Amino acid sequence: MDALIPLFVAIPLISAFLIMILGKVIPGFHSFLAPLTLLALLVMAVFVFSGLGNDSLHYTLGGWGVEGGTPIGIYMVLDGFSILMLCIINLIGFIALFYSLSYIRKYTAEANYYALFCLIVAGMNGVVLSGDLFNLFVFLEVSVISSYALVAFGVGKTELEASFKYQVLGVLASMLILLAIGLIYWKTKTLNMAEARSLLDTGPPDPFLLFVQVLLISGFGLKAAIIPFHAWLPDAHSSAPSPISAMLSGVLIKAVGIYVLIRLFFNVFATGHDVAVLITVLGTISMVVGSLVAIIQWDLKRLLAYSSISQIGYVVMAFGMGLILLEKGDNIQAATLAMAGGVYHLMNHAVFKGLLFLNAGALEHRLDTRDLKQMGGIAPVMPVTSSTSFMASMSISGIPPFNGFFSKLIIVIAAVNGGFYLLAVLAVVISMVTLAYFLKFQRYAFFNKGLSQVREKIREAPFPMSFSMIILAALCLAMSMIAFPSVREAILQPAIDALMQADFSSTTFTGI
Amino acid sequence: MSTYILCFVLFLVGLYGVITRRNLIKIAISLSIMEFSVFLILVLIGYVDDGKAPIVNLQATDAVYVDPLPQAMVLTAIVIGLATTAMLMAISIRLYRKYKTFDIREIKNLRG
């Protein structure tokens, strides 16, 4: 199965190339090849996931392995955590692409859209699989540069402005990340994450390393839109075409932001108490402020974008608590629970936020507006959109039969067990605030009766759009199964083990 | 050591430009300045005193070579920087066509 790993990057790259070359010659080629590519990637990811268990796989590019105790080649590593991310990326990617088949017809240059979409997926798969710091930076740039272009895809005034803002902050973040990677290389003379781990693990806390960690938090914090670094996210995510918003909010900020932060601070650095507290505080601030700002929004997609910031805050807070508890070392049980909650909420957020952006896209497709004040009374004419968005709203606000409830519950229980009572209370209160602004969305978009007489000619969204929304809504229900202990053991435990036993996974594949 | 400090000053010059300039093109230039200061730091990290270009000569066994890995990294990063700059320029030109100005004070549809 090792040979499958590079295919996760190679297949979307090749199909992006083919779409650009052959898309001009063969009409309709792009809308046929791109969903097939993503479907193949999804099947591969699920196949690898089913056979992986607690193992980790690795692949050395060009066969350059370990030479004299030093890994000299570029490694691609696939362990319990990266395979979960791979499944989520390719799942949301496939569904968003299937949705695009009818959504994107109103734009010109469809072939470019599909090619950029394949590139963004290739970049994210590369980031998640990379076992090498600089390689990670390169894949990160592949995915974010394509996302700059996709945000500006509508080439209207707001799209271009949002894309420019996104690019300026994105380039700033990339430069901070590159500087930090250079400084890590200066300190350790290696770019391999496993070897850097073995060199950085020993010794007292070092101010130089603290500086590097702060650089990394700012860089990846900008990519992940944690609150002091969030300025670009509401503009970029609300201006992009809706399937792209689903990709950006659902997986891009996780794959290039949260995933890398977690990977670096659990598996590369021996994180100190101060940094762990800093991460927890940043997560808590984004959780609180993001949802408070979301309440006052009237632009539907902007409301969803702020809600993304808030939900990402939950994930960062959970992992921050995990880091603090691991660093103390006396309550490993609670640390494991916090990390399980974080990983679970990460997956859940991808599904329900993806679904909510697809709903927003369906509304925009039929009504040509994103303003909640101009909607209303749509529930009878668009039953699929209405019911799926209701399920997603209940899920994101933590109402019991849906998945969002269980992941938030796990995070709150972990906070109580770990002694973070204030954070537990805040998590519950913010969950209620989330319910408040999603009820606002439901009421103004679907149930307000005032405007219903002009809604006669509105029809349900076309088949590809409705089908994608139904699949994601079913997943919202199905993923609540992960909360059962035995399923949790099978799905979340390998990811947590991969994060906790960093030394183990580094020794197995480099032999240091 | 002073070279590292000068590179860092260059980084700060770029950052100052990004924050204070009002012109889209000047912001893009400032970002390029930042990029190149980081590239210079990377090249300096690989520098060894009195080192030669890392083309191994088997006859001269006592030769000192500079570290080739940061140079490879910088070459890759320059290509990435080119892509970002091209993207920024393309967006700036499109913005100019829409708004007839490069001034960011005039371009403010998005708020809140």
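Chains as they are written, first to last, in our numbering: chain R, 251 to 762; chain E, 21 to 132. In this text, a Cβ means the ideal position worked out from N, Cα and C, and glycines have one as well. Quantities reported herein were computed from a predicted structural model and do not represent experimental measurements.
Asked, Found
"Taking the beta strand (DSSP E) that M326 of chain R belongs to, which residues open and close that run?", "325 to 328"
"Quick one: list the residues of chain E neighbouring G432 of chain R, beta-carbon separation under 8 Å, in chain order.", "V58, I61, L62, I65, P90, M93"
"Contact criterion: CB-CB distance below 8 Å. Does A421 of chain R meet it with respect to chain E?", "In the sequence as presented, Ala is not what sits at residue 421 of chain R; that position holds Val. For V421 of chain R, the answer is yes, since a Cβ of chain E falls inside 8 Å of its Cβ."
"I582 of chain R to I370 of chain R, Cα distance in whole Å?", "37 Å"
"What in chain E is Cβ-close to S363 of chain R, meaning under 9 Å?", "In the sequence as presented, Ser is not what sits at residue 363 of chain R; that position holds Tyr. Within 9 Å Cβ-Cβ: nothing; Y363 of chain R doesn't reach chain E, min ~16 Å."
"Return yes when at least one heavy atom of the ligand MG lies under 7 Å from the C-beta of I255 of chain R, else no.", "Summarising the ligand content, the structure contains no ligands, and the ligand MG is consequently not present."
"Give me the chain R residues within the contact set of I111 of chain E, using Cβ-Cβ distance strictly less than 7 Å, ordered along the chain.", "A402, L410, S413, F414, Q417"
"Based on Cα-Cα distance, which residue from R:I649, R:A674, R:V421, R:V510 lies nearest to A106 of chain E?", "R:V421"
"Using 8 Å for Cβ pairs, my map puts V565 of chain R next to I508 of chain R. What's the rounded Cβ distance?", "6 Å"
"Would you tell me roughly how many angstroms separate the C-alpha atoms of G132 of chain E and P484 of chain R, rounded to the nearest one?", "At G132 of chain E the pLDDT is 49, less than 50, meaning the model places this residue with poor confidence; the figure from the coordinates comes in the next sentence. About 9 Å."
"Mind checking if T81 of chain E is an interface residue toward chain R, Cβ cutoff 8 Å exclusive?", "no"
"Which residue's Cα is closest to the Cα of T791 of chain R: R:Y556, R:A474, R:S730, R:F569?", "As shown, chain R starts at 251 and ends at 762. That puts residue 791 of chain R outside it, with no answer to give."
"Ignoring anything shorter than 4 residues or poking outside the segment 49 to 109 of chain E, list the alpha helix (DSSP H) runs there in chain order.", "none"
"Could you name the residues of the segment 467 to 500 of chain R whose beta carbon sits closer than 9 Å to any beta carbon of chain E, in the order they occur along the chain?", "P484, D485, S488, S489"
"Going by Cα to Cα distance, which pick from R:G319, R:F331, R:A284 is closest to D747 of chain R?", "R:F331"
"Since E391 of chain R meets chain E, which of its residues come closer than 7 Å, beta carbon to beta carbon?", "I100"
"Run the CB neighbour count on V392 of chain R, radius 10 Å, all protein chains shown included, and call it buried at 16 or more, exposed below.", "buried"
"Compare the C-alpha of Y694 of chain R against each of R:V296, R:R620, R:L605, R:V525 and name the closest.", "R:R620"
"What's the C-alpha gap between P277 of chain R and F713 of chain R?", "21 Å"
"Count the other C-beta atoms from every protein chain shown that fall within 10 angstroms of the C-beta of V593 of chain R, then say buried if there are 16 or more, exposed otherwise.", "buried"
"Go through its chain and collect everything with a Cβ distance to A253 of chain R's Cβ below 8 Å, but skip five positions before and after it.", "Y309"
"Between the Cα of L550 of chain R and those of R:V293, R:G563, R:S495, R:A723, spot the shortest distance and give me the residue it belongs to.", "R:S495"
"How is the alpha helix (DSSP H) around Y671 of chain R delimited, first residue to last?", "671 to 692"
"What's the C-alpha gap between G404 of chain R and Y357 of chain R?", "7 Å"
"Is any beta-carbon of chain E found at less than 8 Å from that of V538 of chain R?", "no"
"Hey, is R42 of chain E's beta-carbon within less than 8 Å of any beta-carbon in chain R?", "no"
"Keeping to the same chain, check which residues put their C-beta closer than 8 Å to that of L289 of chain R; ignore five residues upstream and five downstream.", "F344"
"For the segment 374 to 458 of chain R, list the alpha helix (DSSP H) runs that are entirely contained and at least 4 residues long, ordered along the chain.", "383 to 401, 407 to 438, 443 to 450"
"Measuring only the C-alpha atoms, how far is G323 of chain R from L685 of chain R?", "49 Å"
"Flag this pair as yes or no: are the beta carbons of L341 of chain R and F384 of chain R separated by less than 8 Å?", "no"
"Assuming contact is defined by CB atoms lying nearer than 8 Å, are I562 of chain R and A474 of chain R in contact in what I supplied?", "yes"
"Say whether chain E places a C-beta atom closer than 8 Å to the C-beta of K407 of chain R.", "yes"
"Under DSSP, the beta strand (DSSP E) around T310 of chain R begins and ends at which residues?", "307 to 310"
"Between A642 of chain R and A723 of chain R, how many whole angstroms is the CB-CB distance? I'm expecting something under 8 Å.", "7 Å"
"Per DSSP, D549 of chain R is paired with what?", "R:D621"
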